[in-house]
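Residue numbers (the working numbering): 53 to 316.
What follows is the structure, encoded as structure tokens:
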């Protein structure tokens, strides 16, 4: 199991970096649309949509993504709707943990946050491939620091009814690591930030912290969806890693927030 996880992670990283830095914009867009289709299908399955509805939902989401890429002046609206959900609705959702959410509501939420996240990937890369990598690194560093800190010092459960393995100690370790990483952007702005960015060093640290909190929120939200659906993983696409949603759950709120900050 560990070997398959490592091999899958290495292959994904190599393909992703090659596409990020070498692919043309049309190729990058098509590949992201394909991944979006898989994620949309998994979302529909977790939301308990019927087979025909899963197909319709997937087509709708990919179609909306195409519209945003074609008409980018609508992207800020998508980011705004997604952030309203993540900042205002998702915390309440996780606290109340509703089990019988109407399927149309789940479909609408999924369409908004999936389309916004993948549209953000297009716009952020247009600014700078390094910016995409810098933003994603916030999530990767947060996940790694939370895992190792929680494993070593974890005592108090963060959300035992949603994700029993996560601890408050892991969260604090993640935030500390991410804050240090965010501050490092000040010394390497050309690698991480858009040209002409005037964000101060303190603001960068707080910005990275905000991204980390959003990432944790996205992770918990998908965990709640899987718990309601009675499954461990969102899919079986990636050996040892589950489905596409399992790999991008923490990125779903972070990407539109980053695009809102840097790519408009």
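We put the beta carbon where it would ideally sit given N, CA and C, even for glycine. Note that the coordinates shown come from a computational prediction; the quantities given were computed from them, not determined experimentally.
Fewer than three beta-carbon pairs drawn from the segment 267-281 and the segment 129-136 are found closer than 8 Å, and the two stretches are therefore not classed as touching. Nearest C-alpha to residue 257 among 132, 278, 205 and 190: 190. The beta-carbon distance between residue 88 and residue 113, rounded to whole angstroms, is 6 Å. This is short enough to meet the 8 Å contact definition.
Straight through space, the alpha carbons of residue 149 and residue 141 are spaced by roughly 12 Å.
Nearest Cα to residue 124 within the set 178, 305 and 72: 178. Judged by DSSP secondary structure, residue 210 falls outside any alpha helix (DSSP H) and instead within the beta strand (DSSP E) spanning 209-211. A straight-line Cα-Cα distance of about 13 Å links residue 76 and residue 69.
Shown here, residue 150 sits in coil according to DSSP, grouped into three states, outside any helix or strand.
Residue 158 is positioned such that its CB atom lies closer than 7 Å to that of residue 99. About 6 Å separates the Cβ atoms of residue 261 and residue 231, confirming a contact at the 8 Å cut-off. Contact check for residue 315 and residue 176: beta-carbon distance about 5 Å, within the 8 Å limit, so the pair qualifies. In its chain, beyond the 5 residues on either side, 94, 285, 286, 287 and 289 have a beta carbon closer than 6 Å to the beta carbon of residue 295. Residue 215 is bridged by DSSP to 211. Taking a C-beta distance under 7 Å as the contact criterion, residue 208 and residue 224 do not qualify as a contact pair. If the five residues before and after residue 228 are omitted, its C-beta is found closer than 6 Å to no C-beta atom of its own chain. For the 7 Å CB-CB criterion, residue 74 and residue 181 do not form a contact.
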